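Input: a single structure, listed below in structure tokens.
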Amino acid sequence: MSSATKILPTLQYFQFRGRALASRVALFNSLGKDGWVDQRVSLPRFKKVPKVMYPDAPVDRVRTADYITNNLPQLNLECGTKFSQSHAIARYAAKLSWDVPAHQLPEHHIPNLYPKNAKHALLVDEAVAIVDQILLLTPKDEDAATRAKNRQAYHTTGFLRVAMELLEGRLEVSGGPYLLGKDLSIGDLYIRAPLGDLFDLGQFDGVPREFYESFPNIQKCCSAVPEHPLLKTYHEHYTN
């Protein structure tokens, strides 16, 4: 098969960073700009795609569905298999470079974006799961007054406060600016986006800015991520 027709791993997500920043950066770190496809999907168009169910043949979801979870991100591999879950995709993408000879890696490549050290990997996995749980547990009541009340509790006595305190402490112990000190990981990318974006882009209605400002180590991490050489090179090719 010629290079012009070679099938490449394809990451499907929306135009914004959201849950895909870590996966995009990890793919870029391992495969360079031309070793994968960054497919940006229109959110309005995606919302119009029928949500297909397979009650008579559940296995067809894996075999034939365009979007295996009716959601994104999704990574489509060269073999035709499709995978969901942003954290799983990001870890896989970061590991792609583990067994590649150094001379075959992109010039911008950094080692251990997902660490081989078991304790370091545990720390990174914890941070990724915490960010995921923050998003999952955020009150999303349709009634504005109810949502505001529940989000007040969420950031004062609920899981958001617990989670932010934990991440703040991890960064303090590491010496910063990242979870592993001076070494960037996919955990830091998740702290930057989607977590930091919720506050910096004003997307966390009901949670005051002062709450975010009470966690300086998290803010420092969010500021340091785009200044890392890998991210600077990444942003030469991708806007977000």
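Numbers given in our numbering equal positions in the sequence shown, counted from 1, plus 17. For glycine and all other residues, C-beta sits at the position ideal for the given N, C-alpha and C. Bear in mind the structure is a predicted one, so any value in this text is a computation, not a measurement.
- Around the Cβ of W53, a 10 Å sphere holds 16 or more other Cβ atoms; the residue is buried.
- Exposure of S240 is indicated by the presence of fewer than 16 other C-beta atoms within 10 angstroms of its C-beta.
- Contact fails between the segment 94-110 and the segment 161-181, because fewer than three Cβ pairs, one in each stretch, are under 8 Å apart.
- Boundaries of the alpha helix (DSSP H) harbouring Y109: S103 to K112, taken from the DSSP string.
- The three-state reading of DSSP puts F31 in coil, since its state is none of H, G, I, E or B.
- A contact between stretches requires three or more CB pairs, one per stretch, nearer than 8 Å, and the segment 70-77 fails this requirement with the segment 39-51.
- Counting C-beta pairs with one atom in each stretch, the segment 113-126 and the segment 222-237 have fewer than three that are closer than 8 Å, which means they do not touch.
- Remark: C-beta atoms of L197 and F232 do not approach each other more closely than 9 Å.
- A distance below 7 Å between beta-carbons, with the five flanking residues on each side excluded, links V141 to the following residues of its chain, in chain order: Y131, P132, L196, S202, I203 and G204.
- Residue range V54 to R57 is occupied by the beta strand (DSSP E) that includes V54, with no alpha helix (DSSP H) assigned at that position.
- Among the bridge pairs identified by DSSP, K99 is matched with N93.
- Secondary-structure assignment with DSSP links G198 through a beta bridge to Y195.
- Excluding the 5 residues flanking it on each side, A210 has same chain C-beta neighbours closer than 7 Å at R34, G35 and L38, in chain order.
- One thing to note: G175 has its Cβ within 9 Å of the Cβ of L154.
- Contact check for Q29 and P67: beta-carbon distance about 17 Å, past the 8 Å limit, so the pair fails to qualify.
- In the structure shown, T256 adopts coil according to DSSP, grouped into three states.
- Under the criterion of beta carbons closer than 8 Å, T27 and Q56 qualify as touching, at roughly 5 Å.
- Closest option to T173, judged by alpha-carbon separation, among L206, P72, E227 and I127: E227.
- By the Cβ-count criterion, H104 is buried, with 16 or more other Cβ atoms from all chains shown falling within 10 Å of its own Cβ.
- Spanning the alpha carbons of N129 and H245 requires a straight line of approximately 14 Å.
- Following the DSSP letters along the chain, one finds E124 in no alpha helix (DSSP H), marked with neither H nor E.
- For the 9 Å CB-CB criterion, F45 and L206 do not form a contact.
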